[in-house]
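So the number in the numbering used here is just where the residue sits in the sequence shown, counting from 1, plus 1205. In this text, a Cβ means the ideal position worked out from N, Cα and C, and glycines have one as well.
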Amino acid sequence: MGEWWTVEVDPEFVGVVYPTTMVVTRRTEDHATLGVPPGQFSHDFLVIHVPPLGDLELGTFAWRVMWDDFEALRFPLEVGRSWSADFHGRDVEAEVTAVEGNRAYVTMTGEGQRIELTYDADWGMITDFREEALGLAFRVTDHGFDYQGEVLSLSGIQLGLMETAAGAAAHHAAATGNTPSGGGNAGSGGTRPPLSSRVDVDTGASHGSLGLILWNVGHEDTPGSYAITATAPDGTIFRERFEITRGMLEGPEGR
1206 MGEWWTVEVD PEFVGVVYPT TMVVTRRTED HATLGVPPGQ FSHDFLVIHV PPLGDLELGT
1266 FAWRVMWDDF EALRFPLEVG RSWSADFHGR DVEAEVTAVE GNRAYVTMTG EGQRIELTYD
1326 ADWGMITDFR EEALGLAFRV TDHGFDYQGE VLSLSGIQLG LMETAAGAAA HHAAATGNTP
1386 SGGGNAGSGG TRPPLSSRVD VDTGASHGSL GLILWNVGHE DTPGSYAITA TAPDGTIFRE
1446 RFEITRGMLE GPEGR
């Protein structure tokens, strides 16, 4: 209880480095819970699922990533030890490639996926984590005990919903006549009705984190203005707008 690590979270596609502190808020023989000071919390942590927050299974250092727990380690860490894991819905094969003193180096590979991480037994934490497919990374910069101060303790994290509107850029291009083939406008005044859906969320959770995200992969050359709106059952509206110039996504925090 109260053990802490200062961390720099570096998601490449966001273009911002987030400093924060991970703190042990609960501890049993087999599990720990990691929280962060409220002023150092970012919803991006829950969108990208790093650094490890919430409930941690100590035998495998597993934390919740998307739908499943990601088994980052498998103790004891010995050269050649291997196991299978799931990260962001992708299967990876993990292997301890080297042990130097009290540090172990693990490499994970899968279809379109590569993760490299370092575990430091002296600090009791993964101190360096780099994932290539999404460009996710974090590094630990300091460590100590007896943290003093308020901590937001996250527990029972799960993915409550993930609604996607794949092809939104093509949808927009067809409405404005900006398709590569010069497709014509559709709908009144050169616009199309918005892509929309309704989803029921039943997690029994005390809090929710909502991310409104635009990712123009595959449509980098399709400029346009996009908006995402989510309306809660009580009528609360969450809205974000994105402006895309050719080859570049511009918006709050770069996404």
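Open item on the list: For E1217 and S1287, I'd like the C-alpha separation in whole angstroms.
Closed with: When rounded, the separation of the alpha-carbon atoms in E1217 and S1287 is 28 Å.
TODO: Give me the Cβ distance between P1350 and G1207, rounded to the nearest whole Å; I'm assuming they're in contact under 8 Å.
DONE: One detail in the question is off: residue 1350 reads as Phe in this sequence, not Pro. Between F1350 and G1207 a beta carbon distance of about 6 Å is seen, short of the 8 Å cut, so the two are scored as contacting.
Open item on the list: the ligand GTP and V1304: does any heavy atom of the ligand fall closer than 8 Å to the residue's C-beta?
Closed with: By its list of ligands, the structure shown contains no ligand whatsoever, and the ligand GTP lies outside what it can speak to.
Task: Those residues which DSSP pairs with A1437 across a bridge - done: Per DSSP, A1437 has no beta-bridge partner at all.
Task: For V1404, the nearest candidate out of E1276, R1335, T1369 (CA to CA) - done: Sorting E1276, R1335, T1369 by C-alpha distance to the C-alpha of V1404 places T1369 at the top.
Task: Start-end ranges of the beta strand (DSSP E) lying completely within the region 1256 to 1325, minimum 3 residues - done: 1259 to 1262, 1268 to 1270, 1273 to 1275, 1287 to 1292, 1295 to 1305, 1308 to 1315, 1318 to 1325, all fully within the region 1256 to 1325.
- [ ] Give the DSSP bridge partners of W1210, in chain order.
- [x] Partner residues in the beta bridge of W1210, as assigned by DSSP, are M1227, H1348.
- [ ] Please name the residue in S1247, G1264, I1253 whose C-alpha comes closest to that of E1234.
- [x] Ranked by how close their Cα comes to the Cα of E1234, the residues S1247, G1264, I1253 have G1264 in first place.
TODO: Helix, strand or coil for D1333, going by three-state DSSP, please let me know.
DONE: If DSSP states are grouped into helix, strand and coil, D1333 belongs with the strands.
Open item on the list: Check for me: the alpha helix (DSSP H) holding I1253 runs from which residue to which?
Closed with: Where I1253 is concerned, the enclosing alpha helix (DSSP H) stretches over 1249 to 1253.
- [ ] Can you tell me which of the three DSSP states G1244 falls into?
- [x] Here G1244 sits in helix by DSSP.
Task: Inter-stretch contact at 8 Å, needing at least 3 Cβ pairs: the region 1311 to 1322 / the region 1290 to 1300 - done: Yes: at least three Cβ pairs fall under 8 Å.
Open item on the list: DSSP three-state label for H1236, please.
Closed with: Correct three-state label for H1236: strand.
TODO: Compare the Cα-Cα distances from Y1310 to each of S1289, W1268, G1285 and report the closest residue.
DONE: Here the closest residue by C-alpha is G1285.
- [ ] Could you check which residue in E1321, A1435, R1335, V1345 has the C-alpha nearest to that of G1329?
- [x] Looking at the Cα atoms, V1345 is the closest of the given residues.
Task: Range of the contiguous beta strand (DSSP E) that encloses T1450 - done: Element bounds for T1450: 1442 to 1450.
Task: Distance, A1410 Cα to G1395 Cα - done: Confidence in G1395 is poor, its pLDDT being 44 and thus under 50, which makes the residue's placement too unreliable to answer from.
Open item on the list: According to DSSP, is A1370 part of a helix, a strand, or is it coil?
Closed with: In the structure shown, the three-state DSSP call for A1370 is coil.
TODO: Given a cut-off of 9 Å, decide if D1215 and L1322 are closer than it, judged by their beta-carbon atoms.
DONE: By the CB criterion at 9 Å, L1322 and D1215 fall outside the cutoff.
Open item on the list: Output needed for D1347: all residues of its chain with C-beta closer than 8 Å, excluding positions within five of it in sequence on either side, in chain order.
Closed with: Take D1347, set aside five residues on each side of it, and the residues of its chain with a beta-carbon closer than 8 Å to its own are W1210, T1211, in chain order.
Open item on the list: Whole angstroms are fine: how far does the CA of F1266 sit from the CA of V1229?
Closed with: In this structure, the alpha-carbon of V1229 lies about 13 Å from that of F1266.
TODO: Give the DSSP-derived three-state secondary structure of S1360 in the structure shown.
DONE: Correct three-state label for S1360: coil.
- [ ] Using only alpha-carbon positions, find the residue among H1236, L1359, R1232 that is nearest to G1413.
- [x] Comparing Cα-Cα distances from G1413 to each of H1236, L1359, R1232, the minimum goes to L1359.
Task: Same chain only: Cβ atoms within 8 Å of L1174, ignoring 5 sequence neighbours per side - done: The structure shown does not extend to residue 1174, since the chain is modelled only from 1206 through 1460, so no value can be given for it.
Task: Coarse secondary structure for L1415, derived from DSSP in three states - done: L1415: coil per DSSP, three-state reduction.
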